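So for the sequence shown, this note's numbering puts the first residue at 1; every next one is plus one. I have placed the structure first, in the form of structure tokens, so that the comments after it can refer back to it.
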Amino acid sequence: MAEAVLQVRGLVKHFPLTRGIVFKKQIGAVRAVDGVDFDLFQGETLGIVGESGCGKSTVAKLLMRLEEPTAGRILFKGEDITRLSGKALKAVRRNIQMVFQDPYTSLNPRMTVGDIIGEPFEIHPEAAPKGDRRRKVQDLLDVVGLNPEYINRYPHQFSGGQRQRIGIARGLALNPEIIICDEPVSALDVSVQAQVINLMTRLQKEFDLSYIFIAHDLSIVRHISDRVGVMYLGRIVELGNEEQIYEHPTHPYTQALLSAVPVPDPESREHRERIILAGDVPSPANIPSGCRFRTRCWKAQERCAVEVPPLAVPPALREVAGPAAHESACHFAAERDCAPAGG
Ligand SMILES: Nc1ncnc2c1ncn2[C@@H]1O[C@H](COP(=O)(O)OP(=O)(O)OP(=O)(O)O)[C@@H](O)[C@H]1O
Ligand code: SF4
Ligand SMILES: [Mg+2]
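Structure follows, in structure tokens:
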């Protein structure tokens, strides 16, 4: 089995909610990330999916150490990076890079493409001697499928897909081991999404990269991910490989998300029951007791209000040992055995 390059344990990020201007008083907390555990294995892609506000970008920022965790540990190759600072942190940062969602706002419009892609070398001069940088940047342009002669152009001279290639080239500059991709194709046209995903798949093999690929839609991550974690209100509620998550989901939330994915084939569309979830996502400042999904779950029972379901293989499914036996944070995890209320 491949080695885990990243191990995330009990990761928490709470943002304090305060009242008052002079005498600030904390009146609560936004529990953006509220106990996240996962491993990222060498060379794999872990998809992280969930609705807007469930904490995906906050997880990404914590992994990049752009935010300080409230609690928990992040181990990069066995070393806890949450405690590092100075030189040691800088060295780890070189190995974990990020590609952002919006290629229109994440690139500085006043910098040339060459300066944008070469910017990481200013922070890590040891990665490329000054005289070598131009050639390195041109190599990177070539690697992501852009003409190396475009080095002096500005971001506005490129299309959305090309700009995301520039963002990817910048992410690759320091030859990292992990790239965290926060919705890298969500702002792109559907036709361009596939091209960028294909490029990322090719680069992953070429440079032996491990990816965390964040999206709000299960269908986008399906083909690029080896495993997928489904997030709800600051926690991963189900985690498994493609077959487990897409063919044998056992958590009601994943089942609801999948039932909303458009199906092109009209016949299978007719046979499918769409699950309409009741109510809105609760505020992360006011998370329900017990199972955080219970206010919208059609299977909720008394136990769900008092007992937090752990992310683990549920005992009842452990015995079946098939693809349904995977981590699912639900007391009553089961393959679609019950129709939604009113359905
Ligand atoms: N600096 C901050 N201060 C206070 N609250 C924050 C801060 N950053 C994020 N939040 C809150 O934390 C929650 C999670 O936000 P986050 O950006 O991680 O969600 P997301 O899953 O990336 O959403 P989206 O799909 O919209 O990008 C949200 O309720 C958000 O408002
Ligand atoms: S634990 Fe209860 S409320 Fe939570 S998902 Fe399972 S059945 Fe629904
Ligand atoms: Mg986000």
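Heads up, the beta-carbon is just placed ideally off N, CA and C, and yes, glycines get one too. On a predicted model such as this, the values are computed, not experimentally measured, just so you know.
Span separating the alpha-carbon of residue i from that of residue j
i, j, result
"threonine 70", "glycine 131", "42 Å"
"valine 237", "phenylalanine 121", "39 Å"
"proline 314", "lysine 299", "16 Å"
"valine 192", "glutamine 164", "10 Å"
"proline 262", "leucine 277", "16 Å"
"aspartate 208", "isoleucine 178", "9 Å"
"alanine 260", "glutamate 319", "30 Å"
"lysine 24", "threonine 82", "28 Å"
"valine 33", "glutamate 149", "43 Å"
"glycine 72", "arginine 153", "43 Å"
"isoleucine 224", "glycine 47", "8 Å"
"glutamate 206", "arginine 170", "16 Å"
"glutamine 162", "serine 210", "22 Å"
"arginine 202", "glutamate 307", "44 Å"
"leucine 84", "arginine 336", "45 Å"
"isoleucine 96", "serine 186", "21 Å"
"leucine 188", "serine 159", "10 Å"
"glycine 343", "threonine 112", "Annotation note: pLDDT 35 at glycine 343 (below 50); position unreliable, no value reported."
"leucine 258", "lysine 61", "27 Å"
"proline 340", "histidine 248", "For proline 340, the predicted structure reports a pLDDT of 41, less than 50, and the residue's modelled location is therefore unreliable. A value from the coordinates is still provided. So the two alpha carbons sit approximately 17 Å from each other."
"glycine 234", "proline 155", "34 Å"
"glycine 20", "proline 284", "21 Å"
"alanine 312", "phenylalanine 38", "11 Å"
"glutamine 255", "alanine 333", "11 Å"
"glutamine 157", "cysteine 181", "23 Å"
"threonine 250", "leucine 140", "42 Å"
"leucine 239", "lysine 77", "21 Å"
"arginine 94", "asparagine 175", "8 Å"
"threonine 45", "tyrosine 246", "16 Å"
Residue i beta carbon near ligand 3 (any heavy atom closer than 6 Å)
i, result
"serine 57", "yes"
Identity of the residues DSSP links to residue i by a beta bridge
i, result
"isoleucine 151", "Isoleucine 151 pairs with nothing; no bridge assigned."
"aspartate 115", "DSSP output for aspartate 115 lists no bridge partner at all."
"tyrosine 232", "Arg235"
"cysteine 297", "None; cysteine 297 has no bridge partner."
"glutamate 327", "Leu239"
"aspartate 182", "Ile214"
"arginine 170", "BP columns for arginine 170 are empty, so no partner."
"arginine 227", "Leu46, Asn241"
Any non-hydrogen atom of ligand 1 within 6 Å of residue i CB
i, result
"valine 30", "yes"
"proline 284", "yes"
"serine 186", "no"
"phenylalanine 100", "no"
"phenylalanine 15", "yes"
"serine 106", "no"
"cysteine 181", "no"
"glycine 53", "yes"
"histidine 216", "yes"
Cβ-heavy atom distance, residue i to ligand 2, below 6 Å
i, result
"arginine 296", "no"
"histidine 248", "no"
"histidine 331", "yes"
"proline 315", "no"
"cysteine 304", "yes"
"alanine 325", "no"
"proline 309", "yes"
"glycine 293", "Position check: residue 293 holds phenylalanine in this sequence, whereas glycine was assumed. For ligand 2, at least one heavy atom lies less than 6 Å from the Cβ of phenylalanine 293."
"alanine 173", "no"
"proline 288", "no"
Residue closest to residue i, alpha-carbon to alpha-carbon, out of the options
i, options, result
"asparagine 241", "Gln7, Phe23, Arg9, Leu40", "Leu40"
"glycine 197", "Val99, Phe293, Arg296, Ala4", "Note on residue identity: the sequence assigns isoleucine, not glycine, to residue 197. If we check each option's Cα against that of isoleucine 197, Val99 comes out closest."
"histidine 14", "Ser52, Glu67, Thr45", "Glu67"
"cysteine 297", "Ser106, Tyr232, Leu17", "Tyr232"
"aspartate 280", "Leu203, Asp142, Thr295", "Thr295"
"leucine 218", "Arg227, Pro16, Leu188", "Arg227"
"valine 230", "Ser328, Ala285, Arg336, Met64", "Ser328"
"arginine 9", "Gly35, Thr18, Ile21", "Gly35"
"alanine 173", "Thr250, Val137, Ile74, Asp189", "Val137"
"phenylalanine 213", "Gly43, Ile116, Pro252", "Gly43"
"alanine 321", "Arg94, Gln244, Arg303", "Gln244"
"arginine 274", "Gly145, Leu311, Pro252, Ser52", "Pro252"
"leucine 6", "Leu75, Thr18, Val59", "Leu75"
"methionine 200", "His331, Ser57, Val143, Leu63", "Val143"
"glutamate 183", "Pro176, Gly167, Asn175", "Gly167"
"arginine 31", "Arg19, Cys291, Asn175, Cys54", "Cys54"
"proline 125", "Ala91, Gly145, Gln157", "Ala91"
"glycine 145", "Gln195, Val49, Asp102, Arg110", "Gln195"
"arginine 292", "His331, Leu317, Pro323", "His331"
"valine 190", "Gly78, Leu63, Ile220", "Ile220"
"isoleucine 151", "Ile117, Ala127, Pro310", "Ile117"
"proline 408", "Ala316, Leu63, Ala305, Asn286", "No answer is possible for residue 408: the residues shown for the chain start at 1 and end at 343."
Complete runs of the beta strand (DSSP E) confined to the stretch 62–139 [at least 3 residues]: 71–76, 96–99
Sequence ranges, beta strand (DSSP E) only - wholly within the stretch 2–66, length at least 3: 4–19, 25–41, 45–49
Length-filtered (3 minimum) beta strand (DSSP E) runs lying within the stretch 196–220: 210–215
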